[in-house]
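A.B. asks: No gaps in the numbering here: position 482 of the sequence shown is 481 in numbering that gives the first Met the number 0, and each next residue is one more.
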Amino acid sequence: MGPKPQRKEGRDGAIAMLNVAIDALNLAKEVSSATPAKAVFGTAGILLSMIRDSVANRDDYVALGLACADVCRALERGLDGRRADQLTRSALEAIGQLTKAMAQIQRSVIELGKRNLFSRVLHATSDKDAVAGWKSELDRILQIFKTELALHTDVEVSDTRQDVASTRKLVSDIHCAVVKDQEGNQTTQTSMLGESPPPPPRACFGRGDLIEKIIGLVDNLTPIALVGTGGIGKTSVALTVLHDDRIKKRFGENRRFIRCDQFQAAQANFLNRLSKVIGAGFENPEDLTPLRPFLSSKEMLIVLDNAESILDPQGADAQKIYAVVEELSQIGNISLCITTRITTIPLDCERLDVPTLSMDAARSAFYRIYGNDERPNVIDDILEQLGFHPLSVILLAAVARQNNWDSSRLGREWELRQTSMLNTEHKKSLAATIELSLASPMFRELGPNARDFLEVVAFFPQGVNENNLDWLFPTIPDRRNIIDRFCNLSLTSRNNGFITMLAPLRDYLGPRDPRKSPLLCATRDCYSSRLRLLGDLEPDQPGYKESRWITSEDVNVEHLINTFTSLDMDSGDIWVTCADFMMHLYWHKPRSTVLGPKIEGLSDGHSSKCQCLFRLSLLFRLLGNYVKVRRLLTHTLELERRQGNDDRVARTLRYLADTNRMLDLYKEGIRQSKEALEIYEQLGDGEGQGKCWIFLGSLLLDDDQLDAAEEAASHAMELFLDKRRELWICESHSLLGDICRKKGKREKAIQHYEAAISIASPFDWHNTLFWTHWSLARLFFIEDEFGDAQSHTDQSKLHAVDDTYCLGHAMVLQTWIWHGQGQLEEAKAEILGALKIFEKLGATERVGTCRAFLQKVELAVECSSTSGESEGSAC
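Right, here's the structure in full:
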């Protein structure tokens, strides 16, 4: 929202006059000694407020309003401080007629307002004529009143309408009368000062940009709402703005701060508190009417802190309080600032979500309290686990300081107790601020199962995928509405399609014993069923694409399996789920996993040990950790021979043979491939035989037995053509392409690679397409055809999709091209990127290869800088 549009200059003057007149009338009503005059002042004040507060039809009302102001001005001058007992009967009768006339006009304005309640615009000509008629009637009565008053008071009342400056003098005159008149008036004058706001926080780290934005909005009198979960720092930001020098200069003493959680949520309580804080001086106002003149008389900044206490839609007087706050947001001279946990805010308010801190800001906030010049990594690790949540950071520092812990002790306590340690001696704890949200009417209205639902959301580190709510929580009928309420209460937020929760809230709200949460167990079973349904698919089989959902939820599933396997190592079902998860990672998101040590730690007699161990080995195989893969597969083979499962023995032999190929153990690999082939022949498994021929052909290729390799690849092609397995036909073409390349049959190699691409492209088999383009890029690079090499490298990157392992290989290939073209700085940047990827994946052998290549590139860079460009290339 930008600055509010400016009105016409003439209207500005008229409305300013009304504002000042209203201010004067309310004060005059309180101090006037003449009881009859009180009625006129009071009626005129209300009437002028209604006139000023009308919206689109203000032009029609302004003339009437100025006539009202004239009446009151004439009355005040005519009375000149006289009490009722000092007035003649005729003067009193004149005042009575004026009071009666104004009361009639007030009733008419109210009635017309009701008929135009929703539009607040005078459409009918008759309505406009009515307003004009009231003005004329008021002018007529005013002339009679002036004449009567002049005859009996010897006071000349000018008929000239005064400007704003004159009206302001009227206010000043009445203020002087207050001082000279009654003793009780001294209290009224003091109440006009209002209450000073609380002091600002001593520090507000990392909020500079947000504060500057808020100051700009406040300066434009734009209403704002600072929204965020408990402890996020909304109040600190608001108080920092409230005490900013620019805000002080703009608003002076008219900066007000109301803590909405310090009184019971009711309209009467809120209005009474508002009246007291702004200094209006009205006790227990029934509505906003008596406060409007004061609120409209000057520019004012009002902060409603913890406004969720009064704006909760399920709370007492919720609609009435919302209407009052909404009207405050619409008063043009007021800058309203709301801090709230809920998103139920007036529509005119610009919503600003208060984020967590940056690492630097969290660090500064922590060490301001904790002290200590040392800044060990353990503190940064804890701050990161806290999600840089401001209150949690402050409580952590306070607890460490109160207990005089050094960083080592703090690290140990954190490992043991996590966020449960965030309690200080003054009982200011993280639990208190979270429970405040859970005690709100809006949360309680969701029913007893809401807390269980919230526990499940808190359990998952990624949050809950909003697109999967239906199959994850089929037993919760109103799940989407409940999620909306969680977000409305700032307990959760939406982030890239997930319903997420800040780390401290997750730790506090998560189930203490997941096994005792029926909803979490049901969610676990939903994940298990989905993994099982698509657990053993290959890219050319129906349903494979649907299994790609794991790429966005792998961390959640891994955490779920890790938790339940920790609680019950002997459970059978969760380990089946674990094996299915390994296969999903293998096909869609190869990476290291925390489940590895647990799988290896299973007893050899466990029913799922072989399957989990085998699939874990496949994952490490993609990551290039072949020594570990060989050890895992050797163990798996021993267990499967013991169980007598020939099909699985042959499968393990096949992958063990390929692992030995990668370790240059060709003879052992060839022997294992042939053994596997014999088993498949005995079983009559043609597909298994075809896969064996592929693996055997790769071994023979690397062992430079090129004719034998080509024969093996041709056998595989024949079998897969017969089975119509397009995926493995692609693999056969790729192998034949590699063999032809090594034989020097360039064109034939390209034909095989292109055949593989043509089969895979319609199916979007990204992994197959990646490696085929990668092989073509390598072929062109070897022949110094850098343009074609770059083209296929770019294609391979496109097909890396979510597969960072493949992306790492594409970056290695890009490094070759940059290096080959003498672009050494680009080559260095690319290999560093690949190294970072493989380190994160835990691909140890690939890390070693990248480091060796990096040394080569750095040597070339050094040679280039010391010996010149041409000599550097040779070096």
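Built from N, CA and C at the ideal position, the CB exists for glycine as well.
If you drop the 5 nearest sequence neighbours on each side, which residues of the same chain put their C-beta closer than 7 Å to that of L698?
C.D. replies: Residue numbering aside, residue 698 sits at position 699 when the sequence shown is read from its first letter. Once the five neighbours on either side are set aside, the close Cβ partners of L698 are A656, R660, Y665, G668, I669, S672.
A.B. asks: Quick test of the definition: if touching needs 3 or more C-beta pairs under 8 Å, does the region 679-697 touch the region 719-732?
C.D. replies: yes
A.B. asks: Per DSSP, which residues does S492 bridge with? Please list them.
C.D. replies: In the sequence shown, residue 492 corresponds to position 493, counting from 1. According to DSSP, which records beta bridges pairwise, S492 is partnered with T499.
A.B. asks: Would you identify the three-state DSSP class for F262, choosing helix, strand or coil?
C.D. replies: In the sequence shown, residue 262 corresponds to position 263, counting from 1. If DSSP states are grouped into helix, strand and coil, F262 belongs with coil.
A.B. asks: Considering only the beta carbon of each residue, do P354 and P222 sit closer than 8 Å?
C.D. replies: The residue you call residue 354 lines up with position 355 of the sequence shown. The residue you call residue 222 lines up with position 223 of the sequence shown. No, they are not a contact pair.
A.B. asks: Taking buried to mean at least 16 other C-beta atoms within 10 Å of its own C-beta, is V226 buried or exposed?
C.D. replies: For the purposes of this step, residue 226 is taken as residue 227 along the sequence shown, with counting starting at 1. The residue in question, V226, is buried, as its Cβ has 16 or more Cβ neighbours within 10 Å.
A.B. asks: Which class does T338 belong to by DSSP, given the choice of helix, strand or coil?
C.D. replies: The residue you call residue 338 lines up with position 339 of the sequence shown. Three-state result, T338: strand.
A.B. asks: Spell out the partners DSSP gives L300 in its beta bridges.
C.D. replies: Locating residue 300 in the sequence shown gives position 301, where the first residue counts as 1. Beta-bridge analysis with DSSP links L300 to R254, S334.
A.B. asks: Over the uninterrupted beta strand (DSSP E) stretch that includes L622, give me the two end residues.
C.D. replies: For the purposes of this step, residue 622 is taken as residue 623 along the sequence shown, with counting starting at 1. That residue, L622, is in no beta strand (DSSP E); it is neither H nor E in DSSP.
A.B. asks: Who are the near neighbours of I749 in its chain, counting only those whose CB is closer than 8 Å to its CB and skipping five residues on each side?
C.D. replies: Position 750 of the sequence shown, counted from the start, is the residue given in the question as residue 749. Cβ neighbours of I749 beyond the five flanking positions: G736, L775, L778.
A.B. asks: Between the C-alpha atoms of L858 and I816, what's the straight-line distance to the nearest angstrom?
C.D. replies: Working through the sequence shown from its first residue, we reach residue 858 at position 859. Working through the sequence shown from its first residue, we reach residue 816 at position 817. Distance between the alpha carbons of L858 and I816: 17 Å.
A.B. asks: Can you tell me whether Q266 is buried or exposed, with buried defined as 16 or more other CB within 10 angstroms of its CB?
C.D. replies: Along the sequence shown, read from residue 1 onward, the residue named residue 266 stands at position 267. Classification for Q266: buried.
A.B. asks: How big is the Cα-Cα spacing for L351 and P284?
C.D. replies: The count along the sequence shown starts at 1 and reaches residue 351 at position 352. The count along the sequence shown starts at 1 and reaches residue 284 at position 285. Those two C-alpha atoms are separated by around 32 Å.
A.B. asks: According to DSSP, what are the bridge partners of V463?
C.D. replies: Here residue 463 corresponds to residue number 464 of the sequence shown, with the count starting at 1. Beta-bridge annotation (DSSP): V463 is paired with I498.
A.B. asks: For E349, write down the residues that DSSP places opposite it in a beta bridge.
C.D. replies: Reading the sequence shown from its first residue, position 350 is the one you call residue 349. Partner(s): I223.
A.B. asks: Can you tell me where the alpha helix (DSSP H) holding E739 begins and where it ends?
C.D. replies: Numbered from 1 along the sequence shown, position 740 holds the residue referred to as residue 739. The question names Glu, but residue 739 is Cys in the sequence shown. Segment 725-742, the alpha helix (DSSP H) holding C739.
A.B. asks: Do I830 and T814 have their C-beta atoms closer together than 8 Å?
C.D. replies: In the sequence shown, residue 830 corresponds to position 831, counting from 1. In the sequence shown, residue 814 corresponds to position 815, counting from 1. Against a cut-off of 8 Å, the Cβ pair of T814 and I830 comes out as a contact.
A.B. asks: In its own chain, which residues sit with a C-beta less than 8 Å from the C-beta of S406, not counting the 5 before and 5 after it?
C.D. replies: Locating residue 406 in the sequence shown gives position 407, where the first residue counts as 1. So the list reads N371, E373, P375, V377, I378, once near-sequence residues are dropped.
A.B. asks: Buried or exposed, going by whether 16 or more other CB atoms sit within 10 Å of the CB of S864?
C.D. replies: Taking the first residue of the sequence shown as 1, we reach residue 864 at position 865. Exposed, because fewer than 16 other Cβ atoms sit within 10 Å of the Cβ of S864.
A.B. asks: Could you check where the alpha helix (DSSP H) with A438 kicks off and where it finishes?
C.D. replies: Indexing the sequence shown from 1 puts residue 438 at position 439. A438 -> no alpha helix (DSSP H), and no H or E assigned at all.
A.B. asks: If you check the beta carbons only, do G643 and S607 fall under 8 Å apart?
C.D. replies: Stepping through the sequence shown from its first residue, residue 643 is reached at position 644. Stepping through the sequence shown from its first residue, residue 607 is reached at position 608. No; because the gap between Cβ atoms is not below 8 Å, this pair is not in contact.
A.B. asks: Could you compute how far the alpha carbon of R254 sits from the alpha carbon of M810?
C.D. replies: Taking the first residue of the sequence shown as position 1, residue 254 is located at position 255. Taking the first residue of the sequence shown as position 1, residue 810 is located at position 811. About 58 Å.
A.B. asks: Quick one: Cα of P510 to Cα of C611, how far?
C.D. replies: Walking along the sequence shown from the start, residue 510 turns up at place 511. Walking along the sequence shown from the start, residue 611 turns up at place 612. Using only the alpha carbons, I get a separation of about 28 Å.
A.B. asks: Given this structure, state the Cα-to-Cα distance separating Y366 from L294, to the nearest angstrom.
C.D. replies: In the sequence shown, residue 366 corresponds to position 367, counting from 1. In the sequence shown, residue 294 corresponds to position 295, counting from 1. One C-alpha to the other measures close to 43 Å.
A.B. asks: Determine the contact status of E545 and G496, defining contact as a CB-CB distance below 8 Å.
C.D. replies: Counted from its first residue, the sequence shown places residue 545 at position 546. Counted from its first residue, the sequence shown places residue 496 at position 497. Cβ atoms of E545 and G496: not closer than 8 Å.
A.B. asks: What residues in its chain sit with their C-beta under 6 Å from that of A833, if we drop five residues either side in the sequence?
C.D. replies: As a working note, residue 833 is residue 834 in the sequence shown. Contacts found: G807, M810, V811, C849.
A.B. asks: For K212, which residues from the same chain have a beta carbon less than 8 Å from its beta carbon, with the 5 sequence-adjacent residues on both sides left out?
C.D. replies: What you label residue 212 is simply residue 213 of the sequence shown in a count that begins at 1. Answer for K212: L351, listed in chain order.
A.B. asks: May I ask you to verify whether the region 585-601 touches the region 613-622, counting CB pairs closer than 8 Å and requiring at least 3?
C.D. replies: With the cut-off at 8 Å, the region 585-601 and the region 613-622 touch.
A.B. asks: Whole-angstrom Cβ separation of E838 and G623, contact assumed at under 8 Å?
C.D. replies: Translated into positions along the sequence shown, residue 838 becomes position 839. Translated into positions along the sequence shown, residue 623 becomes position 624. Between G623 and E838 the Cβ distance is about 12 Å, and since that is not below 8 Å, they are no contact.
A.B. asks: Starting from the C-beta of L409, find all residues in its chain whose C-beta is less than 6 Å away, skip the five residues before and the five after it, and write them out in chain order.
C.D. replies: In the sequence shown, the residue the question calls residue 409 occupies position 410. Within the same chain, L409 has close Cβ partners A399.
A.B. asks: Looking at the unbroken alpha helix (DSSP H) that takes in K319, where does it start and where does it end?
C.D. replies: Taking the first residue of the sequence shown as 1, we reach residue 319 at position 320. It spans 317-329 - the alpha helix (DSSP H) in which K319 sits, taken as one unbroken run.
A.B. asks: Nearest to K741 by CA position, among A521, D702, L385, is which residue?
C.D. replies: In the sequence shown, counting from the first residue as 1, residue 741 sits at position 742. Residue D702 is the option with its Cα nearest to K741.
A.B. asks: Could you pull out every unbroken alpha helix (DSSP H) segment of at least 4 residues lying fully inside the region 502-584, listed in chain order?
C.D. replies: 502-508, 517-532, 549-566
A.B. asks: Just checking my contact of L453 with L508 at CB under 8 Å: how many whole Å lie between their CB atoms?
C.D. replies: Locating residue 453 in the sequence shown gives position 454, where the first residue counts as 1. Locating residue 508 in the sequence shown gives position 509, where the first residue counts as 1. At roughly 6 Å, the Cβ-Cβ gap stays under 8 Å, so L453 and L508 are in contact.
A.B. asks: Helix, strand or coil for D663? Go by DSSP, reduced to three states.
C.D. replies: For the purposes of this step, residue 663 is identified with residue 664 of the sequence shown, where counting begins at 1. It is coil, neither helix nor strand.
A.B. asks: Following the continuous alpha helix (DSSP H) through E825, name the residue where it begins and the one where it ends.
C.D. replies: Numbered from 1 along the sequence shown, position 826 holds the residue referred to as residue 825. 823-840 is the extent of the alpha helix (DSSP H) around E825.
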